[in-house]
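Q:
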Amino acid sequence: MRAPSMALLVLALGACDPFVFDDLQDSAGVVVLEAPDGYPSRSLGAVLTGFDGSLGGTEVSRIAAGGGTNMPLAVHEVWNGRGLALGNALYQACDDPGDCDRDAGAAVAGIPSWRPGSPASGEMCLLIGSPTADSVTVRCEEPRINEPLMGPAGTRLGASLASLAPGSAAGVAIVGAPGANSGDGAIYRIPDGSNPVQLSVPVSAIAARGGLGSAIAVAPLPGGATLVVAGAPGARRVLVLVVSSDGMGGVVTNLRSCIDGPEDGFGGVVAAGDVDGDSWPEVFVSRSADAMSRTEMLVMLPGTGLPDPGGCSAAWGEGAVPIPCPAGLDSATCGRGYGSALAIGDVDADGLGDLIVGDPSATARGHEDAGAVFVLPGHASGLDGMRADALTLSSAEPGDSLGAVVATVRTDLDAMSPRVEVVAGAPGAGSVALFLCSGLEGDTLAVGQRCTP
Amino acid sequence: MRRCTWLVWVPLAVGAWTPAPGLAQDTGPEDPDRLQVAREHMERGQELYLQSQFAEAAAEFQAAYEAQPFSAFLYNTAVAFERNREWDRAANFFARYVERDPEAGDVAAVRQRIEQLRTWTLRERGAGTNPAPGTDPGQPDAGVAGQVGPGPQGPDAGTPGPAPGPAVEAPPQAHAVAQDMKALLTIRTNPDGAQVTVRRGTTAVASGPAPFAQTLDEGEYRVVVEHPDYRTIQQEVRIRAGVMYVLFGEMSQGQFLGLLRVISSVPGASVYVDNREHGALGQTPFQNAISTGRHHVWIERPGYETVERDVEVGLGEEVEVETELTRVSHGRIQVIANVRGATVSVDDREVGRVPYDGEVSAGMHRITVAADGMKDWEQGVSVPRGQLVPMRVHLRPAQGRGGAWVTATLAAVFVAGGAVMGSLSNNLADELTEERDAGRLANNDPRLLSGQILAIAADVSWGLGALFTGLAIYYFLRDPLPDSTGSAGEPRDWALAPELGPGRAGGAFRWSF
Numbered sequence: 442m443r444a445p446s447m448a449l450l451v452l453a454l455g456a457c458d459p460f461v462f463d464d465l466q467d468s469a470g471v472v473v474l475e476a477p478d479g480y481p482s483r484s485l486g487a488v489l490t491g492f493d494g495s496l497g498g499t500e501v502s503r504i505a506a507g508g509g510t511n512m513p514l515a516v517h518e519v520w521n522g523r524g525l526a527l528g529n530a531l532y533q534a535c536d537d538p539g540d541c542d543r544d545a546g547a548a549v550a551g552i553p554s555w556r557p558g559s560p561a562s563g564e565m566c567l568l569i570g571s572p573t574a575d576s577v578t579v580r581c582e583e584p585r586i587n588e589p590l591m592g593p594a595g596t597r598l599g600a601s602l603a604s605l606a607p608g609s610a611a612g613v614a615i616v617g618a619p620g621a622n623s624g625d626g627a628i629y630r631i632p633d634g635s636n637p638v639q640l641s642v643p644v645s646a647i648a649a650r651g652g653l654g655s656a657i658a659v660a661p662l663p664g665g666a667t668l669v670v671a672g673a674p675g676a677r678r679v680l681v682l683v684v685s686s687d688g689m690g691g692v693v694t695n696l697r698s699c700i701d702g703p704e705d706g707f708g709g710v711v712a713a714g715d716v717d718g719d720s721w722p723e724v725f726v727s728r729s730a731d732a733m734s735r736t737e738m739l740v741m742l743p744g745t746g747l748p749d750p751g752g753c754s755a756a757w758g759e760g761a762v763p764i765p766c767p768a769g770l771d772s773a774t775c776g777r778g779y780g781s782a783l784a785i786g787d788v789d790a791d792g793l794g795d796l797i798v799g800d801p802s803a804t805a806r807g808h809e810d811a812g813a814v815f816v817l818p819g820h821a822s823g824l825d826g827m828r829a830d831a832l833t834l835s836s837a838e839p840g841d842s843l844g845a846v847v848a849t850v851r852t853d854l855d856a857m858s859p860r861v862e863v864v865a866g867a868p869g870a871g872s873v874a875l876f877l878c879s880g881l882e883g884d885t886l887a888v889g890q891r892c893t894p
Numbered sequence: 143m144r145r146c147t148w149l150v151w152v153p154l155a156v157g158a159w160t161p162a163p164g165l166a167q168d169t170g171p172e173d174p175d176r177l178q179v180a181r182e183h184m185e186r187g188q189e190l191y192l193q194s195q196f197a198e199a200a201a202e203f204q205a206a207y208e209a210q211p212f213s214a215f216l217y218n219t220a221v222a223f224e225r226n227r228e229w230d231r232a233a234n235f236f237a238r239y240v241e242r243d244p245e246a247g248d249v250a251a252v253r254q255r256i257e258q259l260r261t262w263t264l265r266e267r268g269a270g271t272n273p274a275p276g277t278d279p280g281q282p283d284a285g286v287a288g289q290v291g292p293g294p295q296g297p298d299a300g301t302p303g304p305a306p307g308p309a310v311e312a313p314p315q316a317h318a319v320a321q322d323m324k325a326l327l328t329i330r331t332n333p334d335g336a337q338v339t340v341r342r343g344t345t346a347v348a349s350g351p352a353p354f355a356q357t358l359d360e361g362e363y364r365v366v367v368e369h370p371d372y373r374t375i376q377q378e379v380r381i382r383a384g385v386m387y388v389l390f391g392e393m394s395q396g397q398f399l400g401l402l403r404v405i406s407s408v409p410g411a412s413v414y415v416d417n418r419e420h421g422a423l424g425q426t427p428f429q430n431a432i433s434t435g436r437h438h439v440w441i442e443r444p445g446y447e448t449v450e451r452d453v454e455v456g457l458g459e460e461v462e463v464e465t466e467l468t469r470v471s472h473g474r475i476q477v478i479a480n481v482r483g484a485t486v487s488v489d490d491r492e493v494g495r496v497p498y499d500g501e502v503s504a505g506m507h508r509i510t511v512a513a514d515g516m517k518d519w520e521q522g523v524s525v526p527r528g529q530l531v532p533m534r535v536h537l538r539p540a541q542g543r544g545g546a547w548v549t550a551t552l553a554a555v556f557v558a559g560g561a562v563m564g565s566l567s568n569n570l571a572d573e574l575t576e577e578r579d580a581g582r583l584a585n586n587d588p589r590l591l592s593g594q595i596l597a598i599a600a601d602v603s604w605g606l607g608a609l610f611t612g613l614a615i616y617y618f619l620r621d622p623l624p625d626s627t628g629s630a631g632e633p634r635d636w637a638l639a640p641e642l643g644p645g646r647a648g649g650a651f652r653w654s655f
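Protein sequence lines, in the order shown, are assigned to chains A and C. Heads up: the first sequence begins at 442 in this note's numbering, then just goes up one per residue. Heads up: the second sequence begins at 143 in this note's numbering, then just goes up one per residue.
If you want it as structure tokens, here you go:
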């Protein structure tokens, strides 16, 4: 009996604990959300948004990701009111025939509610663009609402979407219609519970065949106003609008700036947010994804230094700050897709917005086109490139294209200070990555898999 | 063993005999009874002859001849007829004598005497007269009546026979003397076949194998009896005429003997005298004749120390050697087993192979018998001094350990594999933990699965290693086959049979179960 006992003892002492890896997986700082079973596309992550709100009185947050046009949107739970609840998709939007218009899924934005207070109000809703149908579908989680919002025919309404902060005078979202006016494009706002209403943009600022509204970004301004950034990549132009209440229940739109870029595709990607703490959002412009063969061009236009809207052509070069790819990072090197996706959020909870730049063609961990997400922390002077970091997948594979789309989502709805985390789509891998730790200096892993400042 | 006896001469004077000239050898079977009959007739004839009763004497001599056909009896018969003046009959017996013993030394003289007797016979027939019995035919007798010993025999001695010459000699006178007769010498030996030579001076007058008989004239002779295996006998003999001598020669190997007696405390010891290579003369208790002088005696018995003694044996002396035999300081073991060639070890030192016998020091020893593929047999055995301990061993097959080794190898492989995979898993865990702590670990990192698989595989491998280790231990310990058996018999004396051969000397031990 002694020998077997000794053998068991040796076995016990030498045994490996396989659950260590389960623990590691559970505590991983990067949560990769896979496509739900039966998802029809392998390109999950082509479109993406993060949103939060109240669901039955509980603050929750969600990530909605899709495979692109005509693909359902998989909605993942992130925060369930008690903590992180990352796992399989809660549901899929537009997965049943009739839920959405045709080719839905080209763009998506989340809003906390739809027609609040009305009997048919919904919570935690998605706005799903169907540009080929010139519509946007409202899909609420509770109660389940599928409500199409139709635009004028031929406007390609829904090609881009940006949700507005609650209480915005402009409504719940801004939606682009790059096909309007024979391709000149237009910008619509979606009032809460109503069909889209076109924003009044000076005709002089609309370039012919510019496709205005191909990209939309919004940022709140003091007094309930909203800064709307709309790209017209066909005309290398970006319009910066200020949408505010007219005091009579209506809104007024003012052109803040008209910026023409030097190369084609300029304005294909836009973002807006305050990164220097002056309460005036900065505008970030990059090229569209189909123009990535050219040299990188990501610029920042400080909110306080936006050019006057007097002459669009004269704007470039005045106050535009190039944002080059952060160099010297071990985890990733930029590719030609640097800036193909932009988002702004305070990922390190320092009170300043941080720029999130996607580069699906970056070489990560030695894998080409694995993609990466660069985080450039905000700074009083703009962006602190010295603290920039790259977020990659430790499971990176060539062609993952991480960073094809980027977004943010709140994971600490119970915290006093708001904090968002980076979400990036990897359509090449068919997944979405939630980075619970920004990787920025000062933002360290303290509890669980989340970083805290 | 060669006999050792004494030589005894037994001269028998059968009777006086009238010496006759010449010698004649008689050979033939000598029946002791018939010889005695012949001797008695000869003695009677001799007595009658000296009483001048020649006819009766002749009859007795003829009867003696009938009993034992020695030529001397024919001669004596002829002489008796001659004295009785029966010339013709005397001539006839002389003629038979010559015919019977043609090699006799006096044949020429006897032939001349026959001629003389024939002449007398013719003259008496021509004169019509015959010499009267008991009358002297005119020639005085030169002998002395009653004399025993060499007398006037034959021509050289001036025998009383008719003298040669043209004149007709007178018939012999009727007065008889013993010297007229022939003597007879018979010799028997033990053993038969000894070569007998009778010499007179330097001249050999007769020789032949015993039993031997020879007609002799009176005189001094030397009798030599020789045999290749016995001592030569030489004896001076005085032969008187008319006497029949019967000699018995008991031949021996030595003429001076004593008696040696050897007694040992343990009977059965071999006794060697003077030369061991000649082999043992016997075993104790030992007693035998021995030549006189100084001798060296070995007393040996297997298992006992050899005892050596020097003894002095006088003529006719009985010398007794009594000794206490002590056992040797070592013993012997003998091992037989069912596996020929199995190694035999004494106290872990290999000493030989089965079948084995050999010396070991007396005392307790551990005997081991081993063979490939068989289970060892081992036993402590007490080996007494000077005795043989027989051992019979039955080796049985050993359990094959191939399966155990295979299992042990598998166990080692699994354990090593477990260690390697565990190490890889740990390394991965460390690496992933580091990345996790940096917030860079993706929950779908394939290394998580790899590490988990490695960990599980390591555990499985460990488990299999432990299982196979246990199995290996079990297989190593498991032995369903019976053990080898053996037994040590009761110690016994061993027998040593000396073996001697050209260029070697040794011994062979014999034992049995």
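Glycine included, C-beta positions come from ideal geometry on N, C-alpha and C. Keep in mind it's a predicted model, so treat the numbers as computed, not measured.
Using a Cβ-Cβ cut-off of less than 8 Å, list which residues of the stretch 464-475 of chain A approach chain C; keep chain order.
A: For the stretch 464-475 of chain A, which is checked against every Cβ of chain C, the residues closer than 8 Å are Leu465, Gln466, Asp467, Ser468, Ala469, Gly470, Val471, Val472, Val473, Glu475.
Q: Would Ser629(C) count as contacting chain A if we go by Cβ distances under 8 Å?
A: No, its Cβ sits nowhere closer than 8 Å to a Cβ of chain A.
Q: Tell me, please, whether the CB atom of Asp458(A) is closer than 8 Å to any CB atom in chain C?
A: Yes - at least one Cβ of chain C is within 8 Å of the one on Asp458(A).
Q: By the 9 Å beta-carbon criterion, what residues does the stretch 598-614 of chain C contribute toward chain A?
A: Within the stretch 598-614 of chain C, the qualifying residues are Ile598, Ala599, Ala600, Asp601, Trp604, Gly605, Gly607, Ala608, Leu609, Thr611, Gly612.
Q: Counting only beta-carbon separations shorter than 8 Å, does Val816(A) have a partner in chain C?
A: No, Val816(A) lies away from the interface with chain C (no Cβ there is under 8 Å from its Cβ).
Q: Can you give me the C-alpha to C-alpha distance between Phe390(C) and Gln210(C), rounded to a whole angstrom?
A: Whole-angstrom Cα-Cα distance: 18 Å.
Q: Could you work out which residues of chain C lie near Leu881(A), taking near to mean beta carbons separated by less than 7 Å?
A: By Cβ distance, chain C contributes nothing, its closest Cβ being about 10 Å from Leu881(A), past 7 Å.
Q: With 7 Å as the C-beta to C-beta threshold (strictly closer), list the residues of the stretch 540-559 of chain C near chain A in chain order.
A: Correct list: empty, as no residue qualifies.
Q: Could you spell out the range, first to last residue, of the beta strand (DSSP E) harbouring Thr656(C)?
A: Since the displayed chain C opens at 143 and closes at 655, residue 656(C) lies outside it and no answer follows.
Q: Since Phe492(A) meets chain C, which of its residues come closer than 8 Å, beta carbon to beta carbon?
A: Correct list: empty, because the minimum Cβ distance to chain C is about 22 Å.
Q: Of the choices Asn622(A), Ala649(A), Leu824(A), whose alpha-carbon is the least far from that of Asp719(A)?
A: Looking at the Cα atoms, Leu824(A) is the closest of the given residues.
Q: Looking at chain A, is there any beta carbon in it that lies within less than 8 Å of the beta carbon of Asn585(C)?
A: Taking Cβ atoms only, chain A reaches closer than 8 Å to Asn585(C), which makes this a yes.
Q: Tell me, please, whether the CB atom of Val798(A) is closer than 8 Å to any CB atom in chain C?
A: Not one chain C Cβ lies under 8 Å of Val798(A).
Q: With H, G and I counted as helix, E and B as strand and the rest as coil, what does DSSP make of Leu552(C)?
A: Note: Leu552(C) maps to helix in three-state DSSP.
Q: Spell out a yes or no on whether the stretch 357-374 of chain C and the stretch 416-423 of chain C are touching, meaning 3 or more CB-CB pairs, one atom from each, closer than 8 Å.
A: The stretch 357-374 of chain C, when compared against the stretch 416-423 of chain C, does not touch it at the 8 Å Cβ threshold.
Q: Since Cys775(A) meets chain C, which of its residues come closer than 8 Å, beta carbon to beta carbon?
A: Under the 8 Å cutoff, chain C gives no residues; its nearest Cβ is about 18 Å from Cys775(A).
Q: Going by the DSSP bridge assignment, what does Arg403(C) pair with across the sheet?
A: Note: Arg403(C) sits in a beta bridge opposite Gln429(C), Glu462(C).
Q: Within 10 angstroms of the Cβ of His517(A), are there 16 or more other Cβ atoms? Answer buried if so, exposed if not.
A: His517(A) should be labelled buried.
Q: Do Leu877(A) and Val471(A) have their CB atoms nearer than 8 Å?
A: Yes; because the gap between Cβ atoms is below 8 Å, this pair is in contact.
Q: For a contact meaning CB atoms closer than 8 Å, what does Cys892(A) contact in chain C?
A: In chain order: Gly581.
Q: Does the stretch 489-506 of chain A come within contact of the stretch 521-529 of chain A, defined as at least 3 CB pairs closer than 8 Å?
A: Touching, yes.
Q: Output the boundary residues of the beta strand (DSSP E) element that contains Pro351(C).
A: Taken as a continuous stretch (DSSP letters only), the beta strand (DSSP E) holding Pro351(C) covers 345-351.
Q: The beta strand (DSSP E) with Gly612(C) in it runs from where to where?
A: Not the beta strand (DSSP E): Gly612(C) falls in the alpha helix (DSSP H), residues 588-619.
Q: Tell me which same chain residues have a C-beta within less than 8 Å of the C-beta of Arg176(C), skipping the five on either side of it?
A: For Arg176(C), where only same-chain residues beyond five positions count, the Cβ hits under 8 Å are Ala209, Gln210.
Q: Can you look up Ile764(A) in the DSSP assignment and give me helix, strand or coil?
A: Coil at Ile764(A), not helix or strand.
Q: Among Leu537(C), Val470(C), Asp499(C), Gln356(C), which one has its Cα closest to the Cα of Gly247(C)?
A: Considering only alpha carbons, the answer is Gln356(C).
Q: Give the single residue among Cys892(A), Thr885(A), Leu881(A), Val873(A) whose Cα lies nearest to the Cα of Pro477(A).
A: It is Val873(A) whose Cα lies nearest to the Cα of Pro477(A).
Q: Are Lys517(C) and Ala546(C) closer than 8 Å when you measure CB to CB?
A: No, these two residues do not count as a Cβ contact at 8 Å.
Q: So with CB distances below 7 Å, who are the chain A contacts of Thr575(C)?
A: What Thr575(C) touches in chain A: Leu465.
Q: Using a beta-carbon distance below 8 Å, is Arg620(C) in contact with chain A?
A: No, Arg620(C) lies away from the interface with chain A (no Cβ there is under 8 Å from its Cβ).
Q: My output table needs one value for Arg176(C): the three-state DSSP class, helix, strand or coil.
A: Three-state result, Arg176(C): helix.
Q: My parser needs the beta strand (DSSP E) runs of 3 or more residues fully inside the stretch 503-537 of chain C; what are they?
A: Here the runs fully enclosed are 505-512, 519-525, 530-536.
Q: Measuring alpha carbon to alpha carbon, tell me which of Ala584(C), Leu623(C), Val548(C) ends up nearest Ala111(C).
A: Within the shown structure, residues of chain C are numbered from 143 to 655, placing residue 111(C) beyond reach of any answer.
Q: List the endpoints of the continuous alpha helix (DSSP H) containing Val669(A).
A: First-last for Val669(A): 667-673, but that is the beta strand (DSSP E), not the alpha helix (DSSP H).
Q: Taking Cβ to Cβ, would you say Ala487(A) is nearer than 8 Å to Gly508(A)?
A: Yes. Within cutoff.
Q: Round the Cβ separation of Ile441(C) and Val413(C) to the nearest angstrom and send it over; I've been treating them as touching at under 8 Å.
A: Going by Cβ atoms, the distance from Ile441(C) to Val413(C) rounds to 6 Å, so yes, they are a contact pair.
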